[in-house]
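Residue numbers (our numbering), protein chains in the order written: chain B, 156 to 471; chain A, 1280 to 1458.
Put into structure tokens, the structure is as follows:
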């Protein structure tokens, strides 16, 4: 008996060593494959997460709910204080609401005067946050909407107020949102009053930094930052946050989205921006339009305004 | 008798898998979407190391490989690299598990700490070699330190809750097998 066990514990037997070697090499092979051909392996990863995580959902929802209940209960203790604060805030907000209504009317009138057409195709899908990245090194969350709901890679996501991140990795029923705070997140932005372009680079802190600013002198803390729409990556003019001056004397961004509690996220259906490659293509189409691509009768008014605008430009 | 021994081993393996999936599940809960300044200890690694040092036959290499590959996939780490390093470390521990049992606990702790430092450095070095963007160094270092400091705690808990203790030399279980 004892002899048997001693034999079975002969861990240095050559066959075993060979098998372990093969296993380690296999793992390193996966790593190299990932490094060389990342998108394919990432797709496999999305597939695996899509299988594994939603099967946890039945347990995740109550546990998360319970934890939130506990933190809510802690906040009940400060209820009176909170109530007073909220009432004061509400007073402020009422004044702001009036101002906003007036501005909205004014804005509508001005838009009408200028014949501005807003992008009508910016609709969204709302998803529930299923899980976070599970490690302090990556900042991402998993949503319960995926390819089934028509989600595509690269679409921007926001909570009600500001940009939160972009879709990277879509499974059948789930998709991963790479948050703006992740170290590999880079977003082209515009800093509002000065109109300067910059790149918002996440660095695993609460305040991502603004890179490649051309003229830092024109930027002041408190400036609004919106997406610039450069490179056709995102639709333009989504609010991202406010400029702050970091302790390291670099310009950073306080994000407008509430990252403390991401529960629901909107995925914006970002349409491919039209590209104008050839000069003159804007005024007249280079090739005669294909009859198959003629606008349907329902779209005719749109076509009319467009042509009207074109003639206006031509006249001017 | 061999039957009972095999059942014990499979129970141990099942327990290990359940424990690791529970830890991963807790990590995945969307409680914290803010970036943190410190990394929490890597409990999956700790459980694996405690088990390997004390009950090597409950954690076969294939099982460790499968668990860590899944963790790599779920936690968005570069897949495979961390798994390979952990496999190498556990194999080193496995071949020495007999001698680890006879040394006093602080020495065991020191050995494990050296192993954790070695694979963490190798991990970062390899990532910088193939130019993968990395998390801040401070985060990795705090996680490494906390993982090392949590080792006695995990060892104690697994002893109290799951009976995974350091067997004395020549100790036998209820059925008379040598542990």
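Virtual Cβ for every residue (Gly too), placed ideally from N, Cα, C.
Residue B:331 holds the alpha-carbon nearest to the alpha-carbon of residue 283 (chain B) among B:240, B:331, B:377 and B:236. Counting the other CB atoms within 10 Å of its CB gives residue 1341 (chain A) a total below 16, which places it among the exposed residues. In the DSSP assignment, residue 377 (chain B) falls outside any beta strand (DSSP E) and carries neither an H nor an E. Separation of residue 279 (chain B) and residue 424 (chain B) (C-alpha to C-alpha, rounded to the nearest whole angstrom) is 5 Å.
Rounded to whole angstroms, the gap between the alpha carbons of residue 354 (chain B) and residue 1349 (chain A) is 34 Å.
Only residues of its own chain outside the window of five on either side were considered, and among them 324 have a CB closer than 8 Å to the CB of residue 200 (chain B), listed in chain order. Residue contact check for residue 1409 (chain A) against chain B: a CB pair falls below 8 Å. When Cβ-Cβ separations below 8 Å define contact, residue 1298 (chain A) makes no contact with chain B. Contact between the stretch 1369-1381 of chain A and the stretch 1314-1332 of chain A is established, with three or more Cβ pairs separated by less than 8 Å. Here residue 342 (chain B) is bridged, per DSSP, to B:355. When rounded, the separation of the alpha-carbon atoms in residue 234 (chain B) and residue 227 (chain B) is 10 Å. Sorting B:377, B:409 and B:340 by C-alpha distance to the C-alpha of residue 348 (chain B) places B:377 at the top. Straight-line spacing of the CA atoms in residue 185 (chain B) and residue 1358 (chain A) works out to 7 Å. Considering only B:383, B:362 and B:417, the residue with the shortest C-alpha distance to residue 405 (chain B) is B:362. Around the beta carbon of residue 259 (chain B), fewer than 16 other beta carbons sit within 10 angstroms, so the residue counts as exposed. When A:1412, A:1429 and A:1346 are compared, the shortest CA-CA separation from residue 1297 (chain A) is found for A:1346. In terms of CA proximity to residue 402 (chain B), B:360 leads the group B:360, B:414 and B:410. When the beta-carbon positions are compared, residue 1402 (chain A) and residue 1366 (chain A) stay at least 8 Å from each other. The Cβ-Cβ distance between residue 1376 (chain A) and residue 1332 (chain A) falls below 8 Å.
Residues are counted here when their Cβ sits less than 8 Å from a Cβ of chain B; for the stretch 1351-1364 of chain A these are 1352, 1353, 1354, 1355, 1356, 1357, 1358, 1359, 1360, 1362 and 1363, given in chain order. Between the alpha carbons of residue 174 (chain B) and residue 1439 (chain A) lies a distance of about 34 Å.
The continuous alpha helix (DSSP H) containing residue 1331 (chain A) extends over residues 1322-1333. Counting only the Cα atoms, residue 281 (chain B) lies some 27 Å from residue 1356 (chain A).
Residues of the stretch 293-308 of chain B with a C-beta atom less than 9 Å from some C-beta of chain A are 293, 294, 295, 296 and 297, listed in chain order.
DSSP places residue 286 (chain B) inside the beta strand (DSSP E), whose first and last residues are 279-287. Between residue 339 (chain B) and residue 1320 (chain A), the alpha-carbon positions lie close to 23 Å from each other.
Exclusion of the five residues before and after residue 1368 (chain A) leaves 1394 and 1398 as the residues of its chain whose Cβ lies within less than 7 Å of its Cβ. Using a Cβ distance threshold of 8 Å, residue 372 (chain B) and residue 364 (chain B) do not count as a contacting pair.
Per DSSP, reduced to three states, the secondary structure at residue 243 (chain B) is helical. The beta carbon of residue 1415 (chain A) sits closer than 8 Å to some beta carbon of chain B. Looking at B:399, B:215, B:366 and B:393, the one whose alpha-carbon comes closest to that of residue 313 (chain B) is B:393.
Secondary structure of residue 400 (chain B) (DSSP, three-state): strand. Burial state of residue 182 (chain B) is buried, judged by a 10 Å Cβ sphere holding 16 or more other Cβ atoms.
Taking C-beta atoms under 8 Å as the contact rule, residue 1291 (chain A) and residue 1337 (chain A) qualify, at a distance of about 3 Å.
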